[in-house]
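Reviewing the structure listed below.
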Amino acid sequence: MSAVHRSQVWAGGGPDRLDAPQNQGGGSITLSEYPTPAPSDAGSDRDTLDAIGIEAASMVALEAGLARERTREALFGAAGRALQVDRFRVLERVGAGAMGVVYAAYDPDLDRRIALKLLHAGAPTHGTRERMLAEARALARLSHPHVVAVFEVGVCGDDDQTVFLAMEYVRGRTLRAWREQVQPDWRAIVQAYAQAARGLAAVHRAGLVHRDFKPDNAMIDDDGRVRVMDFGLARADPTGAATLAGAARLAGAATQADASSSASLATPPMLTRSGVLVGTPAYMAPELFDGAPADARSDAWAFCVSLYEALWGHRPHRAATPEALVGALMSRAPTPEPSARVGVPRRIVAAIMRGLSPTPADRWQSLDALAEVLEDRSRGRARAVAWLAAAGALVVGAAALQARTRAQACQGSALAFAEAWNDGTAAQVREAFAATSASWSARAGEDASEALAHYGERWVEEHRAACMAARVDHTQSDAMLDRRMRCLEDRRRDFVALVDALRGIDDDALERVEPAIRGLVQPQQCGDAAYLEGAVVSPPPPAVADAVDALRTQLADVRAMYELGRSVQARARVAGVVEAAQQIGYPPLVAEASLGVGSVELALDEVEAARAHLEQAYFVARTVVDHRTAADAAMELASLTGTHTDELALAQQWLRLSAVELDDSFEARAELDGLEIAVLTREGRLEDALAAAQRLLARAESACPRGCEALADAHQELSRLYDHLGRGREAEPHALAALTQESALHDHDHPHLARAHYVLGELLDSVGRHAESHEQLIVALQMRERMLGVDHPETAMSRVRLSTTLLALGRGDEAVQQATRAVASVRGRPEPLLLAAALNELGGIHGDLHHYAEARTAYEEALTLELGVHPDGDPNQAIVISNLARVASQQGDHVAALAGYEQALAMRRAHVSGYDPLQAVFLTNAGRTLLDLGRNVEALARLREALALSRDEEISRHAVMAAGLAAAALRTEDPAAAQAVIAEVRGRCDAAAAAVRVAAGCERLGEVE
1247 MSAVHRSQVW AGGGPDRLDA PQNQGGGSIT LSEYPTPAPS DAGSDRDTLD AIGIEAASMV
1307 ALEAGLARER TREALFGAAG RALQVDRFRV LERVGAGAMG VVYAAYDPDL DRRIALKLLH
1367 AGAPTHGTRE RMLAEARALA RLSHPHVVAV FEVGVCGDDD QTVFLAMEYV RGRTLRAWRE
1427 QVQPDWRAIV QAYAQAARGL AAVHRAGLVH RDFKPDNAMI DDDGRVRVMD FGLARADPTG
1487 AATLAGAARL AGAATQADAS SSASLATPPM LTRSGVLVGT PAYMAPELFD GAPADARSDA
1547 WAFCVSLYEA LWGHRPHRAA TPEALVGALM SRAPTPEPSA RVGVPRRIVA AIMRGLSPTP
1607 ADRWQSLDAL AEVLEDRSRG RARAVAWLAA AGALVVGAAA LQARTRAQAC QGSALAFAEA
1667 WNDGTAAQVR EAFAATSASW SARAGEDASE ALAHYGERWV EEHRAACMAA RVDHTQSDAM
1727 LDRRMRCLED RRRDFVALVD ALRGIDDDAL ERVEPAIRGL VQPQQCGDAA YLEGAVVSPP
1787 PPAVADAVDA LRTQLADVRA MYELGRSVQA RARVAGVVEA AQQIGYPPLV AEASLGVGSV
1847 ELALDEVEAA RAHLEQAYFV ARTVVDHRTA ADAAMELASL TGTHTDELAL AQQWLRLSAV
1907 ELDDSFEARA ELDGLEIAVL TREGRLEDAL AAAQRLLARA ESACPRGCEA LADAHQELSR
1967 LYDHLGRGRE AEPHALAALT QESALHDHDH PHLARAHYVL GELLDSVGRH AESHEQLIVA
2027 LQMRERMLGV DHPETAMSRV RLSTTLLALG RGDEAVQQAT RAVASVRGRP EPLLLAAALN
2087 ELGGIHGDLH HYAEARTAYE EALTLELGVH PDGDPNQAIV ISNLARVASQ QGDHVAALAG
2147 YEQALAMRRA HVSGYDPLQA VFLTNAGRTL LDLGRNVEAL ARLREALALS RDEEISRHAV
2207 MAAGLAAAAL RTEDPAAAQA VIAEVRGRCD AAAAAVRVAA GCERLGEVE
């Protein structure tokens, strides 16, 4: 029986955790600690959080609670059917109002995202349902670029009483939010509302009346296109005043409501927000309060109230209470004219005032006519003709001059980044690297400076491209420009934080620099509309913008420290940020702060504190539609549950949720692939892990066909997995490819190049090519000694691995020397598991050399260290326990040996789900020990169980299993059973003969026969 080494358990037990756990707990804030909102009459159908503060935090808490429940349903598989409406898969709640609730949903038939609206029906009756269906179907027949498209109409719920509308999903914001957040000039406002007027006119031509137009019920997308939406109150025009032709078309398909009926899809609510009247009554025409039916002219009133409000910042009729407003409107008093606003032409003011005439007959009878005035097309054509006649060819010169002037306005991009990166900062970074003691630090500083400079160049290019698209080419809206610039500012902030951290670089952080730079979100992402939609949330209100910016800068500093491995310093820097974010009251910042704190806590092994903060980050991010933060939090939770605990099924659920939220960039997807491989490996699903690694390799080959670190990493991942599956011939090309990649990337000592030599040497040793393995491991050891020093942990692990190869070459004294030196170099360091791993290897070498007392001493110290870190058990503890049992067996104490093997087996079964090759090892050893004790029937059962657990590619590793089974069968006087065992093992060996080590191991079957 041979000792079990850590290198053999790489897949089954997960990566060794070298950091000692820190104290649990901390001041984490959970979602339940947000104040629970009381019932309110506040405007609940807002598409954005118009007011930020206690009210907003409460609103976020409520929505986050809903998101939490939905996510837990997805995680644990409960109540899954509740997320399906007809064929549509509900993704998340988008908004709600008096007329219904809107969800984002997925249409699997047409593979697209939709908005799914469920209409409130009040007291459901067959008549109301049929009327609502008829009106909804009329909307579905309406197709116009400035009206949100209705794709499908149906019914759902108990007794099919709830009407739903499957509608176009528009990525943008309401006109109210746009006006408040973008602060557009009057021209942009008029242009946007002209589009809305065209949409309303189309509604009227279809024989419908909107009945509830307001700034919240029209959206402007990222390209500046406006669509009228939320037809919760839209219904057939009972008077035919919209258009006679439209009414005639509608009559064939919809049941006309009685003109005297005041019923509608819902009753308009009386809403207040912060003491100011808002909601439907504020936009209702005077005659509606007398019970008159709504028509196109009442929609024109609502439209003009909305445009008045957008231009002047308040509605035309002011009142302290809803009753006072209704009284003023019913008095038919003339609408007061607005105060003068610089630039708004008198014709626009006159058009709005006409739409606000108390008498319907005096208003615009057609919103197309109003749109013509707002667009001013006739005046525009006349001015163009006059200009051409008077100026002729001068137009060309003026246009060219204007284009040059605008282009020059976009030349300041380099200056915008100069403070972040310049010759001075580059020199400071290089000097900081040179001041470290590592032999390769100066070259690493040059590489880092070059990579940072390239990042800066890409940032400048993207900044200029965004400016040109909006200011010169006019291919991009101001809204999209704003979003791109905010994205670029986020990239610049993260860049500055990393550069500041690099000014204080030390030896321990050197190897983390390249992944940290690679981990910066690329500036090109800021030109990707899909990325911007999911990663750039609405800006904070001006009143808290400075506070938000300051806290985001602090969080960027924390991320930089975290990426460079300075988790303890990051923990001090991050203290109190969640509470500060909650105090500011801007929900996206709460999600970002919770993610930052949780990530640092997880790095320090503060598992439960990290879980609370990361769950909070995920649920709040989902609420505010911050897909990037939600994805990052889900990945961290997958890491927590999949590598820090044994909640592997939950880890898979978090991986799936992360995949839904994540953008399609190579860096993001590669990180997710790597995490999925780690979780699948811990589950023992090695074939699935191999498939994920192959996807990662294909992704890396596509992203960097000329080579990069990510491509080398992908080859190494595949090499390790093939090796662990016993498929050495398939593993070797990937190990060689990784070494080739690293050699091309680094023509000098570098940790990644040393690692490539180490991985190849490890593989060659495992397939029995010990002399070649020795060559590679010596190169890795010498390189690490030069770069990191003789006592660095990675140098120590190189010595440990080399010692096992020396033992295989018959150089036992050298093996003991190298392993002993490795143990001495890590003793006293703050990583007890690292020392335990080194002691385990030293014990194995002593045991193989029959130094049983020394082996037992080493194993017992290793087990004590393991128990100090994981007192409730851990998969790696089973390895040490099994090795102690081996020493007992070698010393003739078979009773103690059997107890040890059984304990090791129980611990692996408790902590490792799925396929676990070590369980077959422990069963085999237990079976052979039972033979030694003369308990032949029990031995036969144990050995048969081991054979059943072993896969074809594993069978030759345990050729002793066949010998043990045959011996057990013979001792139970069953020679036929012994021969059957040998035949089965030989057949499985033949099936796996492509693997190098399988062929070698199967040669031993002749000895068994």
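Quick note on this note's numbering: the sequence shown kicks off at 1247 and runs consecutively.
Yeah, the Cβ is synthetic: ideal placement off N, Cα and C, and Gly gets one too.
The structure displayed is predicted, hence computed values, not measured ones.
| query | result |
| --- | --- |
| Secondary structure of Q1330, DSSP reduced to three states | strand |
| C-alpha gap between D1724 and E1882, whole angstroms | 35 Å |
| Span separating the alpha-carbon of N2086 from that of A1981 | 26 Å |
| Residue closest to D1872, alpha-carbon to alpha-carbon, out of G1920, G1780, R1812, V1824 | G1780 |
| Candidates R1945, A1935, A1949, of which the one nearest S1965 by Cα | A1935 |
| Pairwise C-alpha distance: V1870 and V1783 | 8 Å |
| Alpha-carbon to alpha-carbon, L2164 and A1775 | 49 Å |
| Beta-carbon spacing of R1425, I1435 below 8 Å | yes |
| Neighbourhood of R1422 by C-beta distance below 6 Å, restricted to the same chain and skipping five residues each side | P1461, D1462 |
| Residue nearest to P1604 in terms of C-alpha spacing, selected from A1855, D2037, Q1828, P1532 | P1532 |
| Residue range of the unbroken beta strand (DSSP E) whose run includes C1950 | Here C1950 belongs to no beta strand (DSSP E), and DSSP marks it neither H nor E. |
| Beta-carbon separation (whole angstroms), G1601 vs A1546, contact threshold 8 Å | 5 Å |
| Beta-bridge partners of L1365, as assigned by DSSP | G1346 |
| Closest by C-alpha distance to G2014, when choosing among P2039, S2044, G1972, G2035 | G1972 |
| Residues near A1297 in its chain [Cβ-Cβ closer than 6 Å; skip 5 each side] | Low confidence applies here, because A1297 scores a pLDDT of 29, under 50, leaving its location unreliable; read the following figure in that light. Excluding residues within five positions, none has a Cβ falling inside 6 Å. |
| Cα-Cα separation between G1717 and R1931, rounded to whole angstroms | The sequence given here places Arg at residue 1717; Gly does not occur at that position. Their Cα atoms are separated by approximately 54 Å. |
| D1993 vs R2032 beta-carbon contact at 8 Å | no |
| Buried versus exposed, by CB contacts within 10 Å (16 or more), T1927 | buried |
| Coil, strand or helix - V2115 by DSSP | helix |
| S2121, buried or exposed, once every other Cβ within 10 Å from all chains shown has been counted against 16 | Rather than Ser, the amino acid found at residue 2121 in this sequence is Pro. That one is buried. |
| Beta-bridge partners of A2256, as assigned by DSSP | The requested residue 2256 does not occur in the structure, where the chain is confined to residues 1247 to 2255. |
| Residues bridged to R1419 (per DSSP) | I1466 |
| Separation of A1791 from E1703, as counted between CA atoms | 28 Å |
| Secondary structure of E1621, DSSP reduced to three states | helix |
| P1788 classed as buried or exposed, judged by whether at least 16 other C-beta atoms fall within 10 angstroms | exposed |
| Supposed contact pair A1816 and D1753 - C-beta distance, whole angstroms, cut 8 Å | In fact, because the Cβ distance is near 18 Å, the residues do not count as touching under 8 Å. |
| For G1400, the residue or residues it bridges with in DSSP | F1410 |
| Alpha carbon of L1634 to alpha carbon of T1721, nearest angstrom | At L1634 the pLDDT is 36, less than 50, meaning the model places this residue with poor confidence; the figure from the coordinates comes in the next sentence. Near 25 Å, if we compare the C-alpha coordinates of T1721 and L1634. |
| Contacting residues, own chain, Cβ-Cβ under 7 Å from L2176 (five flanking each side not counted) | L2144, E2184, A2185, R2188 |
| Sub-8 Å separation of G1400 and I1466 beta-carbons | no |
| Chain-order list of residues whose beta-carbon lies under 8 Å from that of A1660 (same chain, five-residue window excluded) | V1706 |
| C-beta contact flag for L1967 and A1939 at 8 Å | yes |
| Member of L2193, P1951, D1878, L1454 whose CA lies at the smallest distance from the CA of R1902 | D1878 |
| V1472, enclosing beta strand (DSSP E) - first and last residue | 1472–1474 |
| Three-way DSSP call (helix, strand, coil) for G1341 in this model | strand |
| Nearest-angstrom Cα separation, counted from R2154 out to A1350 | 44 Å |
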